[in-house]
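J.: For the sequence shown, counting from 1, position 107 maps to 121 in the working numbering; every step adds exactly one. Idealized CB from N, CA, C, for every residue including glycine.
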Amino acid sequence: MKTLLSLAGQLVVSLGLAATWGRMLILSLLVLSLLTIPVTPASAQSATLTPKEVVEYALTLEKLEADMYSRAFTAIESGGLMSLPEPAKKAIMSYGQDEGMHVTDLSAVLTSLGGDPDAIAIPKNPNYDAILNRDPFNNPQDFLLALQYVEDTGVAAYKGQVQNLLAAGDAGKVVLAGALEIHTIEARHAAGVRYLRQTYYGADVRPWIRDASEVLFNENREGSNSPIPFSNEAFDGFATKDEVIALVGPILTEK
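1) Does the beta-carbon distance from Val262 to Gly192 come in below 8 Å?
2) Going by DSSP, what residue range makes up the alpha helix (DSSP H) through Leu179?
3) Please report the straight-line C-alpha distance between Ala89 and Leu95, rounded to a whole angstrom.
4) How is Pro154 classed by DSSP in three states: helix, strand or coil?
5) Restricting to Cα atoms, I'd like to know which of Gly110, Pro131, Leu230 is closest to Asp119.
6) I need the straight-line Cα distance from Ile145 to Asp250, nearest angstrom please.
7) If I follow the unbroken alpha helix (DSSP H) through Asp112, where does it start and stop?
8) Touch check for the region 146-163 and the region 77-88: three-plus C-beta pairs under 8 Å?
9) Kindly indicate which three-state DSSP category Pro137 falls into: helix, strand or coil?
10) So, helix, strand or coil for Lys269, using DSSP?
11) Less than 7 Å between C-beta atoms, sequence neighbours within five positions excluded: which residues of the same chain meet that for Tyr214?
12) In this structure, does DSSP put Ser97 in helix, strand or coil?
13) Just confirm the distance between the C-beta atoms of Arg220 and Glu247, as a whole number of angstroms; I'd bet it's less than 8 Å.
14) Mapping the DSSP letters down to three states, classify Ala81 as helix, strand or coil.
15) In this structure, does DSSP put Asp218 in helix, strand or coil?
Written out as structure tokens, the structure reads:
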């Protein structure tokens with residue numbers, strides 16, 4: 015749990031980040047202006063969240079992902095993941111560094127919005143066994159499968175907050191620009207993990223989605239009001255906060 019928010023133009027502390035955010039905001043607004051699909055009201059998906067609440071939610075997920083990668087680093091050095099091929103180890107290290115940067119940037123954004131990043135806490139020992147009903151750090155195949163689920167969830171979670179951020183006006187759109195940056199990274203991670211599973215362990219999976227059964231969430235749900243039939247591998251759905259918490263809730267308990 016691309017991607018699945020270097021988040022704030024003037025809201026964040028650094029002028030360098032502000033420039034990047036400005037470019038991303040312009041790009042995201044241009045894309046949004048070209049869309050003819052009507053925006054689904056946030057109330058049709060889940061509870062309406064403010065930009066601050068969206069960042070708090072995202073930071074919780076990113077802290078969990080960063081922790082999972084941190085534990086993987088330890089298992090790579092002296093545990094059940096030592097047998098990972100060297101290219102896979104390097105990929106996992108890179109992905110974990112990305113998640114750490116996501117935590118850092120989201121923390122800065124939350125502070126700028128009046129929140130307290132330190133108040134966003136995950137258990138000291140999250141119950142990662144809940145993903146596969148066994149310890150995912152005991153062997154590489156289990157770890158990569160569990161990681162695929164987590165990264166897929168992150169991708170869907172960021173998409174699930176688009177309507178809330180659009181509904182929040184300019185402040186929400188600034189946060190959305192950062193969310194898009196992280197969302198694509200989470201998606202790249204998810205594809206990369208699939209590649210590692212296929213290449214090194216012969217898993218019947220590809221970096222791309224081949225059929226609808228591989229999509230974690232679809233958008234054919236009551237109240238989605240979508241004019242597109244999300245019924246095959248060409249479309250990947252969003253996840254509401256309630257749906258994500260239902261999935262990760264068991265992990266967010268002390269082991």
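T.: If we stick to the structure as given:
1) no
2) Taken as a continuous stretch (DSSP letters only), the alpha helix (DSSP H) holding Leu179 covers 176-181.
3) One Cα belongs to Ala89, the other to Leu95, and the distance between them is close to 5 Å.
4) helix
5) Pro131
6) 21 Å
7) That run of the alpha helix (DSSP H) goes 100-126.
8) Contact holds between the region 146-163 and the region 77-88, because three or more Cβ pairs, one in each stretch, are under 8 Å apart.
9) Of the three classes helix, strand and coil, the one that applies to Pro137 here is coil, per DSSP.
10) coil
11) Pro99, Ala102
12) Correct three-state label for Ser97: coil.
13) Not quite, the Cβ-Cβ distance comes to about 10 Å (not below 8 Å), so this is no contact.
14) Note on residue identity: the sequence assigns Asp, not Ala, to residue 81. It is helical.
15) coil
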